[in-house]
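Read top to bottom, the protein sequences are chains A and B. For what it's worth, the working numbering labels the leading residue of the first sequence as 44, then goes sequentially. For what it's worth, the working numbering labels the leading residue of the second sequence as -6, then goes sequentially. Quick reminder that beta carbons are idealized off the backbone N, C-alpha and C, glycines included. Data block below; observations after.
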Amino acid sequence: MNDVKTVLRSFILENLLPGENPGNLTDDTELKESGILDSMSTLKLVTFLEDQYKIEFAANDLEPGNLSSIASLERLVRSKL
Amino acid sequence: MSLAALLEGSPTFAVRAEGTELGQPELAKRSDAVKNRLWQLGVRPGDRVGLRLRKSPDAVVAIFGTLKAGAAYVPVDATSPAARGAYILNDCQVKAVITEETLRPALQAELDALSASPAFIDPRDIPAAPDVPTVHAQPDDVAYILYTSGSTGKPKGVVLSHRNALSFLDWCSSIFRPTADDVFSSHAPFHFDLSILDLFLPAKHGAKLVLINEELGKDPMRLAAAIAEERITHWYSTPSILTLLCEFGKLDRHDCSALRAVLFAGEVFPVPKFRAIRERWPQARYFNLYGPTETNVCTWYEVPGDGSWQTRDTFPIGRPCPPNLSRVVDEHGEDVPTGVAGELVINGPNVMQGYWNRPELTAASFIADAAGRQWYRTGDIVTAEADGAYTYRGRRDRMVKRRGYRVELGEIEAALLRHPDVREAAVVATRDDDWGVRIAAFVSCHAGRTLSIIGLKSHSSSQLPPYMIPDVFRKVDALPRTSTDKVDLQTLAASL
């Protein structure tokens, strides 16, 4: 299985930040406040992760704290594996 | 008759939110406290009161309290940057602002910077004030001002009267025939004109109103559960939200059989997306409601129950809502024949009074006919079908609809140009089969500077509401120009 952070980083760069220099997106880049993850892109990301890892998120998994960075998203995904 | 009187006349009206219910007696008492406090602070009939509140019973109380004081309410988005809210509240010179304590400091700092100093009211802590009578507003008194995206970079205020709203509500009563047993949803925020039906129609008929707050409204799984648990009978939202519910809400797990009317407005609903929701909720009637903020809903179409819509690409926007009148005109204001594209213009009691403090813009938004009647120019290009129903074809300007909101691309460009490193900015919108519209921004930077896309997104989210943040940013050395030195938007759109 691919490293979760790598999977998250490539999904975000490809779908939400096309054209961005990959070096600008770090594990700690703020995703919610900066407008990178809005309500619509959050749903796309969640659906992608559910398909990719055959996991299911509950409604309360999607709190802002769990979506604030690649690092926190990785922790959320790993807790479901 | 005024909007405030709707609350007084409906003892069974109740507002539910997050498991608690506020009945009409409590709503009346608490809105009286707001009215009395506003009066004590010097608010008088004809004044404006700003509201920057999250969707909550407090916000409903604040709206009715403001109306009871004879003032107009000016709702601003609590999830948008405070600077945008402060610009709006300063533009219409509010006397007081009702806002939660947590939202106050940022807004007050922005208002201070504009040298505006309205009184503040915390809806959770209203000091007792002497009782004053409810003001019985006249039909042409201003009831509320809704700000929409402005092409020159600043939002503009649409001024709407009690008559405008009450006329629309009378039409709603005749079509939807609500009863005190009905349960209405309130999904749209209070600064969005869909909220007028949500809030005041159940008040008029003594029905229940279920408030859907910002977090719940964006979470399809919990939203689907709420529609089922609350036994909602009347749902009203943008098509985008219905599509989200269908695609991410796991609707097969929820019994939403109480739904009897699903109303959608604000943007085009692609028929394949509609088909999916119709299959999930076959028992409901479906209505496509059309109208800019300036007219609230002014035309309507009920999707026929017999399936004859299946072969269509898009739904018509339908026929005018009586007693409003409509015409399709060419650029000279002359009627065009059936089937020929022209601009839809509207006359009648739903039509706004004008834009706040923008007489030139107001004048440009109306045309007069030979009899001297004023017609509001919607800017929407439509064709009339043989049966009289209109079909939407596009816009005559650079406005687009995204998630039901009006977006002037020029306002996004103006926000991007406020970034210190941005030299030029141009924004184009393209069609997206799934979500209606995608917005792309092209920017060039000043010599010696660099721009990151994350930085541009972050800047945009500090300046603009979430629905106006571009999906795509492209960095270019210089924007392409036409032979007349205008930005070549067609070339930019073609490059996507």
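With burial defined as no fewer than 16 other Cβ atoms inside 10 Å of the residue's Cβ, what is the status of residue i: buried or exposed?
i, result
"ALA440(B)", "exposed"
"HIS325(B)", "exposed"
"ILE55(A)", "buried"
"ILE113(A)", "buried"
"MET44(A)", "Here the model assigns MET44(A) a pLDDT of 49, short of 50, so the residue's position is not dependable, and the following value carries that caveat. Exposed: under 16 other Cβ atoms inside 10 Å."
"LEU116(A)", "buried"
"VAL333(B)", "exposed"
"GLY298(B)", "exposed"
"ARG366(B)", "exposed"
"ALA356(B)", "exposed"
"GLY143(B)", "buried"
"GLY381(B)", "exposed"
"THR477(B)", "exposed"
"LEU410(B)", "exposed"
"ASN64(A)", "exposed"
"PRO313(B)", "buried"
"LEU68(A)", "buried"
"VAL50(A)", "buried"
"LEU238(B)", "buried"
"ASP105(B)", "exposed"
"LYS479(B)", "exposed"
"PRO458(B)", "buried"
"PRO148(B)", "buried"
"ASN317(B)", "buried"
"THR95(B)", "exposed"
"ASP186(B)", "buried"
"LYS28(B)", "buried"
"ARG246(B)", "exposed"
Taking residue i as the reference, which of the options has the closest Cα?
i, options, result
"PRO61(A)", "ILE447(B), ASP470(B) and PRO459(B)", "ILE447(B)"
"ALA89(B)", "PRO111(B), GLN303(B), THR475(B) and LEU46(B)", "PRO111(B)"
"PRO123(B)", "SER230(B), TRP32(B) and SER160(B)", "TRP32(B)"
"ILE219(B)", "ARG156(B), ARG9(B), SER488(B) and TRP164(B)", "Here the sequence assigns Ala to residue 219(B), which means Ile is not the residue at that position. Among ARG156(B), ARG9(B), SER488(B) and TRP164(B), the Cα nearest to that of ALA219(B) belongs to ARG9(B)."
"TYR279(B)", "ASP40(B), GLU295(B) and LEU60(B)", "GLU295(B)"
"GLN131(B)", "HIS155(B), PHE113(B) and ARG45(B)", "HIS155(B)"
"ALA407(B)", "GLN456(B), PHE262(B), GLU336(B) and GLU103(B)", "GLN456(B)"
"ALA251(B)", "PRO232(B), PHE241(B) and ARG273(B)", "ARG273(B)"
"LEU(-1)(B)", "PRO116(B), ALA196(B), ASP70(B) and TYR385(B)", "ALA196(B)"
"LEU46(B)", "GLU207(B), THR384(B), ARG467(B) and ARG424(B)", "GLU207(B)"
"ARG37(B)", "ALA121(B), SER24(B), VAL125(B) and ALA99(B)", "VAL125(B)"
"PRO361(B)", "ARG351(B), GLY341(B), GLU378(B) and TYR348(B)", "The sequence as given places Ala at residue 361(B); Pro does not occur at that position. For the residues ARG351(B), GLY341(B), GLU378(B) and TYR348(B), the minimum Cα distance to ALA361(B) belongs to GLY341(B)."
"ARG351(B)", "ILE270(B), ARG117(B), THR145(B) and ALA(-3)(B)", "THR145(B)"
"TYR137(B)", "THR59(B), ALA65(B) and GLU327(B)", "ALA65(B)"
"PHE177(B)", "GLN346(B), THR331(B), VAL255(B) and LEU(-4)(B)", "VAL255(B)"
"ASP248(B)", "ILE270(B), GLU260(B) and GLU222(B)", "GLU222(B)"
"ALA76(B)", "LYS61(B), GLY58(B) and ALA99(B)", "ALA99(B)"
"ASP470(B)", "ALA52(B), THR384(B), LEU444(B) and VAL27(B)", "LEU444(B)"
"ARG320(B)", "ALA121(B), ARG268(B) and ALA377(B)", "ALA377(B)"
"ASP138(A)", "PRO316(B), LEU153(B), ALA109(B) and SER453(B)", "Residue 138(A) is absent from the model: chain A starts at 44 and stops at 124."
"LEU282(B)", "LEU190(B), PRO275(B) and GLY335(B)", "LEU190(B)"
"VAL152(B)", "GLY242(B), VAL400(B), ARG396(B) and ILE81(B)", "ILE81(B)"
Which chain A residues sit within Cβ distance under 8 Å of residue i?
i, result
"ARG467(B)", "GLY62"
"PRO459(B)", "GLY78, ASP81 and SER82"
"ILE447(B)", "LEU60, GLU63, ASN67, LEU68, THR72, SER77 and ILE79"
"SER454(B)", "GLU76, SER77 and GLY78"
"ILE462(B)", "GLY78 and ASP81"
Since residue i meets chain A, which of its residues come closer than 7 Å, beta carbon to beta carbon?
i, result
"SER451(B)", "SER77 and GLY78"
Chain B partners of residue i, CB-CB under 7 Å?
i, result
"ALA102(A)", "ASP212, MET214 and ARG215"
"LEU88(A)", "Within chain B, no residue comes near LEU88(A); the closest Cβ sits about 11 Å away, beyond 7 Å."
Which residues in chain C sit within 9 Å of residue i, going by Cβ to Cβ distance?
i, result
"TRP428(B)", "In the structure shown, chain C cannot be found, because the protein chains are A and B."
So which residues of chain B does residue i contact, with C-beta pairs closer than 8 Å?
i, result
"LEU105(A)", "ASP212"
Decide yes or no for the touch test of the segment 168 to 184 of chain B against the segment 99 to 117 of chain A: beta carbon pairs closer than 8 Å, at least 3 of them. no
Spell out a yes or no on whether the segment 85 to 95 of chain A and the segment 458 to 476 of chain B are touching, meaning 3 or more CB-CB pairs, one atom from each, closer than 8 Å. no
Closer than 9 Å between beta carbons: that is the criterion. Which residues of the segment 266 to 285 of chain B meet it against chain A? none
Tell me which residues of the segment 224 to 246 of chain B have at least one Cβ-Cβ distance to chain A shorter than 9 Å, keeping chain order. SER233, LEU237, GLU240 and PHE241
Using 8 Å as the cut-off, can you tell me whether the segment 87 to 97 of chain A makes contact with the segment 148 to 165 of chain B, which would need three or more C-beta pairs spanning the two stretches below that distance? no
Can you find at least 3 beta carbon pairs, one from the segment 61 to 81 of chain B and one from the segment 177 to 192 of chain B, that sit closer than 8 Å? yes
Does the pairing of the segment 257 to 270 of chain B with the segment 303 to 314 of chain B give three or more beta-carbon distances under 8 Å? yes
Should the segment 470 to 489 of chain B be regarded as contacting the segment 414 to 434 of chain B, the criterion being three or more beta carbon pairs within less than 8 Å? Contact between the segment 470 to 489 of chain B and the segment 414 to 434 of chain B is present: three or more C-beta pairs spanning the two stretches fall below 8 Å.
Any chance the segment 281 to 295 of chain B sits against the segment 369 to 383 of chain B, with 3 or more Cβ pairs inside 8 Å? yes
Are there three or more Cβ pairs, one per stretch, closer than 8 Å when the segment 379 to 397 of chain B is compared with the segment 220 to 229 of chain B? Short answer: they don't touch.
Contact the segment 40 to 55 of chain B vs the segment 81 to 88 of chain B: 3+ CB pairs below 8 Å: yes
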